[in-house]
Amino acid sequence: MRAPTSDLPIRFENVTVAAGAVTILDGISLTLNPGTPTILIGPNGSGKSTLLRTAMGLVRPSQGRVTWGGREDVPPTRRAIVLQRPAMLRRSASANIRYALRASDVARTEQQSRIDELLALVGLGQLADRPARRLSGGEQQRLALARALARDPAILFLDEPTASLDPAATKAIEDIVHAVSQRGIKIVMATHDLGEARRLAGDIVMLHRGRVIETGPAAAFFNTPQTGEARTFIAGELLV
Amino acid sequence: MPGDVSALQLVLTGDPALLAIVRLSLIVSLSAVVLAALIGIPFGAALALIQFPGRQAVIVVLNALMGLPPVVVGLAVFLALSRAGPLGSWGLLFTPKAMIIAQTVLVAPIIAALTRQTIEDLWLEYRDELTAMNVGPVGRVATLIWDARFSLVTALLAGFGRAAAEVGAIIIVGGNIDGFTRTMTTAIALETSKGDLPLAVGLGMVLIVIVIAVNALAWTARRAGERMAG
Ligand SMILES: Nc1ncnc2c1ncn2[C@@H]1O[C@H](COP(=O)(O)OP(=O)(O)O)[C@@H](O)[C@H]1O
Ligand SMILES: [Mg+2]
Numbered sequence: 162m163r164a165p166t167s168d169l170p171i172r173f174e175n176v177t178v179a180a181g182a183v184t185i186l187d188g189i190s191l192t193l194n195p196g197t198p199t200i201l202i203g204p205n206g207s208g209k210s211t212l213l214r215t216a217m218g219l220v221r222p223s224q225g226r227v228t229w230g231g232r233e234d235v236p237p238t239r240r241a242i243v244l245q246r247p248a249m250l251r252r253s254a255s256a257n258i259r260y261a262l263r264a265s266d267v268a269r270t271e272q273q274s275r276i277d278e279l280l281a282l283v284g285l286g287q288l289a290d291r292p293a294r295r296l297s298g299g300e301q302q303r304l305a306l307a308r309a310l311a312r313d314p315a316i317l318f319l320d321e322p323t324a325s326l327d328p329a330a331t332k333a334i335e336d337i338v339h340a341v342s343q344r345g346i347k348i349v350m351a352t353h354d355l356g357e358a359r360r361l362a363g364d365i366v367m368l369h370r371g372r373v374i375e376t377g378p379a380a381a382f383f384n385t386p387q388t389g390e391a392r393t394f395i396a397g398e399l400l401v
Numbered sequence: 006m007p008g009d010v011s012a013l014q015l016v017l018t019g020d021p022a023l024l025a026i027v028r029l030s031l032i033v034s035l036s037a038v039v040l041a042a043l044i045g046i047p048f049g050a051a052l053a054l055i056q057f058p059g060r061q062a063v064i065v066v067l068n069a070l071m072g073l074p075p076v077v078v079g080l081a082v083f084l085a086l087s088r089a090g091p092l093g094s095w096g097l098l099f100t101p102k103a104m105i106i107a108q109t110v111l112v113a114p115i116i117a118a119l120t121r122q123t124i125e126d127l128w129l130e131y132r133d134e135l136t137a138m139n140v141g142p143v144g145r146v147a148t149l150i151w152d153a154r155f156s157l158v159t160a161l162l163a164g165f166g167r168a169a170a171e172v173g174a175i176i177i178v179g180g181n182i183d184g185f186t187r188t189m190t191t192a193i194a195l196e197t198s199k200g201d202l203p204l205a206v207g208l209g210m211v212l213i214v215i216v217i218a219v220n221a222l223a224w225t226a227r228r229a230g231e232r233m234a235g
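Residue numbers (the numbering used here), protein chains in the order written: chain A, 162 to 401; chain B, 6 to 235.
So this is what it looks like as structure tokens:
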């Protein structure tokens with residue numbers, strides 16, 4: 162059963178995440194609104210994964226707060242995430258999806274048809290009975306996407322879901338992301354691939370060293386970047 | 006060596022006294038492993054997942070208890086079950102039940118410590134995914150135990166190996182009574198000291214075969230399971 166209220170907007174209020182002496186996210190204020198996909202870009206280590214995990218509710222801010230639809234501590238019943246390195250349960254591909262369906266209280270009688278549908282969607286129909294941990298990296302990433310979609314989320318976080326895929330598989334994933342977004346599911350996706358950001362973004366959030374450098378609609382960001390970091394990054398030069 | 010031939014004869018002809026001893030040994034050790042698993046697996050899983058002050062100390066003590074000397078366990082259980090002891094009214098001393106209790110005490114820390122390590126490692130791997138799927142505490146424990154089941158079989162095996170091989174605890178609390186509390190290991194100890202080498206050697210052979218067979222069985226089950234579940 163879905164809560165009647167929405168998890169959106171997700172609001173970061175001056176959020177800092179620290180691990181010991183290391184500051185991973187540094188005073189981030191940000192609002193994620195319903196609508197077109199928000200793409201997080203930034204070099205490796207800029208804090209994209211941590212920001213997604215914080216928005217999902219997996220990481221607690223050391224300072225500041227995160228609210229979902231104006232409320233704090235909202236359990237992730239309407240949010241799903243594909244982690245950068247998804248963990249595969251020690252079960253078959255289809256059982257991984259069944260687990261997610263059961264965790265979101267999908268009726269037993271509906272589970273099998275949903276599993277078939279989701280595996281077909283990500284192109285793993287032939288591998289339903291393969292132990293998930295025996296799938297290739299790319300196949301695991303697609304299974305993780307199917308498992309996230311099994312939760313029927315209103316918001317889907319994706320952490321570099323095409324990083325280990327070849328162009329054909331990347332296109333397949335981007336098509337799914339596009340279709341999911343068309344259905345009204347909010348996409349928040351990290352990538353360090355600028356081409357992918359251009360293809361998918363409604364708006365852009367750029368991170369650098371744990372801070373939000375620049376945000377805005379994708380067209381404006383790519384055409385008239387406001388900061389030196391963004392210009393360097395868009396020009397394809399090394400941003401360190 | 007003539008001793009070896011008659012030992013083999015005892016085994017091959019299914020000598021009833023020998024069979025009774027083998028049977029009791031298996032009942033005692035397997036019962037102890039089952040009881041120790043019922044205690045050790047939930048305890049180990051809880052220790053892996055629950056944070057509390059002094060947790061590290063409990064883990065250190067638990068790991069140390071894996072190496073408990075059987076004679077010391079035997080002595081402690083003997084004192085507890087003896088007529089003047091706190092559990093003396095149960096009247097269990099020198100019965101197979103006392104032996105099961107002693108071996109349970111011996112094996113439970115082994116199963117608990119290995120379970121703790123296994124579940125904790127798996128939890129590190131699964132934590133984000135299970136939290137993201139909004140799985141509650143009971144569901145987490147069930148998932149982790151289920152997905153770790155093939156590793157937990159290894160923990161049970163280690164426990165069984167320890168129970169089947171030990172003599173110090175059961176000889177103290179069981180008393181090695183002929184036809185009642187005599188097991189393979191206690192009989193081997195006794196027969197060797199009496200000089201009846203054929204029976205001792207025959208029992209020794211049976212004991213080794215059983216330990217190898219149980220390990221092979223569990224190894225096969227584990228391999229098959231891993232092929233199925235990854
Ligand atoms: N648990 C942690 N402890 C210490 N440092 C961490 C931890 N998690 C991430 N970091 C560091 O924080 C920085 C940002 O990490 P991450 O969010 O994974 O960035 P990105 O996804 O953009 O590559 C990195 O330098 C990383 O090493
Ligand atoms: Mg990352």
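Glycine residues also receive a C-beta, built at the ideal position from the N, C-alpha and C atoms.
Listed along chain B are 137, 138 and 139, each with a C-beta nearer than 9 Å to that of residue 312/A. With a contact defined as Cβ atoms closer than 8 Å, residue 371/A and residue 185/A qualify at about 6 Å.
Between ligand 2 and residue 209/A, a heavy atom-to-CB distance of less than 6 Å is present. Annotated three-state conformation of residue 314/A is coil, per DSSP. By the rule that beta-carbons nearer than 7 Å mark a contact, residue 251/A touches chain B. Counting other Cβ atoms within 10 Å of its Cβ, residue 357/A reaches 16 or more and is therefore classed as buried. Distances from the CA of residue 198/A to each of 331/A, 389/A, 315/A and 166/A were compared; the closest alpha carbon is that of 315/A. Taking all protein chains shown into account, residue 74/B has fewer than 16 neighbouring C-beta atoms within 10 Å of its C-beta and is therefore exposed. Near chain B, meaning a CB-to-CB distance below 7 Å, no residue of the region 330-355 of chain A qualifies. In chain order, 244, 247, 248 and 250 make up the part of chain A whose C-beta sits under 8 Å from the C-beta of residue 134/B. DSSP links residue 340/A through a beta bridge to no other residue. If you ignore the 5 residues before and after residue 189/B, its C-beta comes within less than 7 Å of the C-beta of 26, 27, 30, 208, 211 and 212, all in its own chain and listed in chain order. Here the distance from the Cβ of residue 243/A to the nearest heavy atom of ligand 1 is not below 6 Å.
The C-beta distance from residue 226/B to residue 124/B rounds to 20 Å, too long to fall under 8 Å, and the pair is not in contact.
The C-beta separation of residue 366/A from residue 219/A comes to about 18 Å, leaving the pair out of contact by the 8 Å criterion.
Contact annotation: in the region 225-241 of chain A, residues whose CB is within less than 9 Å of a CB in chain B are 236, 237, 238, 240 and 241. Two segments are said to touch when three or more pairs of C-beta atoms, one from each, lie closer than 8 Å; by this definition the region 162-169 of chain B touches the region 31-47 of chain B. Among the residues facing chain A, residue 196/B is not included, as its CB has no counterpart in that chain under 7 Å away. Scanning its chain for C-beta atoms nearer than 6 Å, with the 5 sequence neighbours on each side dropped, one finds around residue 223/B the residues 158 and 162, in chain order.
If you check the C-beta of residue 374/A against ligand 1, you find no heavy atom less than 6 Å away. Looking from the CA of residue 183/A, the closest CA among 299/A, 168/A and 207/A belongs to 207/A.
Taking the beta carbon of residue 219/A as reference, the chain B residues within 9 Å of it are 132, 133, 136 and 137, listed in sequence order. The nearest non-hydrogen atom of ligand 1 is 6 Å or more from the C-beta of residue 189/A.
Under the Cβ criterion of 7 Å, residue 315/A is not counted among the residues facing chain B.
In chain order, 250, 251 and 252 make up the part of chain A whose C-beta sits under 8 Å from the C-beta of residue 152/B.
Non-local beta-carbon contacts of residue 194/A in its own chain, meaning distances under 6 Å to residues more than five positions away in sequence, involve 170 in chain order. Against chain B, the beta carbon of residue 264/A has neighbours under 8 Å at 138, 139, 140 and 144, listed in chain order. One thing to note: residue 249/A has its Cβ within 7 Å of the Cβ of residue 293/A. With a beta-carbon spacing of about 4 Å, residue 174/B and residue 107/B fall inside the 8 Å limit used to define contacts.
Distances from the CB of residue 180/A to the heavy atoms of ligand 1 include at least one below 6 Å.
Restricting attention to 383/A, 385/A, 393/A and 373/A, the CA atom closest to the CA of residue 212/A is found in 373/A. Put simply, of 179/A, 263/A and 298/A the residue whose alpha carbon is nearest the alpha carbon of residue 312/A is 263/A.
A straight line joining the alpha-carbon of residue 175/A with that of residue 151/B spans about 41 Å.
As the crow flies, the alpha-carbon of residue 122/B is around 44 Å from that of residue 201/B. Against chain B, the beta carbon of residue 261/A has neighbours under 8 Å at 138, listed in chain order.
For residue 17/B, the closest alpha carbon among the candidates 203/B, 218/B, 220/B and 228/B is that of 203/B.
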